[in-house]
């Protein structure tokens, strides 16, 4: 039982390790990495894959560390599939893999490519118990990781920075921070009982909703503003038209339903932006 707390054998250990792969939360950062590559125009698939693997390992590190802290350090969770030793080994392996990816980016592109990717792991590893105790960093940690993935994905392809990927990173940072406020509000009662300072706990559930949808509105307006000044192609405005109805329905629902709708709305938002940037149908 190196990894699994509940059973023994290779299959049990593999299941315990795979339990920390959460597709709903992992797919957006991976898509953000590829989105950054697409923004570069012609891109190297191998370099894009290396950066994507680095992002995956960073998010995996976050999930393992978060579960370890909540169960073994804070005693907040009732159960955890990994043993304490298994958590530490999994963290060591994911970190080692991440460092190998950084080395590959350093050698294949330049040192800056490694440095611009490193924050993905730092945000992931420090999420618990450092960043998740403050309402600002608890809210912006995951969105910031996605923003960094976009900029990093672009840099490894071009060995340079540009206004377009940075603007997209800002949009997703603001938009997803709003979604994260709603997501955190789902656990309002529990977080309040353990004195975890999410936005909902600090300002109350109703005000948290106002903050959340206000942030999303700012993100959508930013898309239109960037399109108006030709930073984004005109077709990027279509992403706003896709997301607004989803947000409108989500606003009427419970925190659980709103989170489900908004996360899927973000998938659509990203997909439309991808088509708009790559094909630029209105140009």
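Numbering (my numbering), first residue to last: 202 to 484.
Virtual Cβ for every residue (Gly too), placed ideally from N, Cα, C.
The structure presented is a predicted model; accordingly, all values stated were derived computationally and were not measured.
Assuming residue 480 contacts residue 239 under a Cβ cut-off of 8 Å, what Cβ separation, rounded to an integer in Å, is found between them?
-> About 10 Å separates the two Cβ atoms, so there is no contact after all.
Is the Cβ-Cβ distance between residue 385 and residue 375 less than 8 Å?
-> In this structure, residue 385 sits away from residue 375, with a CB-CB distance that is not shorter than 8 Å.
Same chain, Cβ closer than 8 Å to residue 223, neighbours up to 5 away in sequence not counted | 264
Determine, using beta carbons only, whether residue 360 and residue 302 come nearer to each other than 8 Å.
-> no
Anyone know if the C-beta pair for residue 336 and residue 378 falls short of 8 Å?
-> no
Residue(s) in a DSSP beta bridge with residue 205 = 283
Start and end residues, alpha helix (DSSP H) containing residue 413 = Here the alpha helix (DSSP H) through residue 413 covers 406-429.
Within 10 angstroms of the Cβ of residue 234, are there 16 or more other Cβ atoms? Answer buried if so, exposed if not.
-> buried
Does the beta-carbon of residue 210 have 16 or more other beta-carbons within 10 angstroms, so that it is buried, or is it exposed?
-> exposed
Per DSSP, what kind of secondary structure is residue 264 in: helix, strand or coil?
-> Shown here, residue 264 sits in a helix according to DSSP, grouped into three states.
Taking just the CA atoms, how far does residue 464 sit from residue 427?
-> Spanning the alpha carbons of residue 427 and residue 464 requires a straight line of approximately 23 Å.
Using 8 Å as the threshold, is the stretch 453-464 in touch with the stretch 419-435, meaning 3 or more CB pairs across them?
-> no
Given residue 214, which residues of its chain have a CB within under 7 Å of its CB, disregarding the five upstream and five downstream residues?
-> 203, 204 and 205
Please say whether residue 292 and residue 318 have beta carbons closer to each other than 8 Å?
-> no
Flag this pair as touching only if the stretch 277-297 and the stretch 338-357 have three or more C-beta atom pairs under 8 Å; answer yes or no.
-> no
Does DSSP put residue 394 in a helix, a strand or coil?
-> helix
Note the first and the last residue of the continuous alpha helix (DSSP H) segment covering residue 369.
-> 364-386
Assumed close pair residue 227, residue 257 - CB separation to whole angstroms, cut-off 8 Å = Beta-carbon to beta-carbon, residue 227 and residue 257 are separated by about 7 Å, close enough to satisfy the 8 Å threshold.
Could you give the distance in angstroms between the alpha-carbon of residue 469 and the alpha-carbon of residue 443?
-> 7 Å
Report all residues from its chain with a CB closer than 6 Å to the CB of residue 342; omit the five preceding and five following residues, and keep chain order.
-> 324, 328 and 332
For residue 401, three-class secondary structure by DSSP = helix
So what does DSSP say about residue 310, is it helix, strand or coil?
-> Note: residue 310 maps to coil in three-state DSSP.
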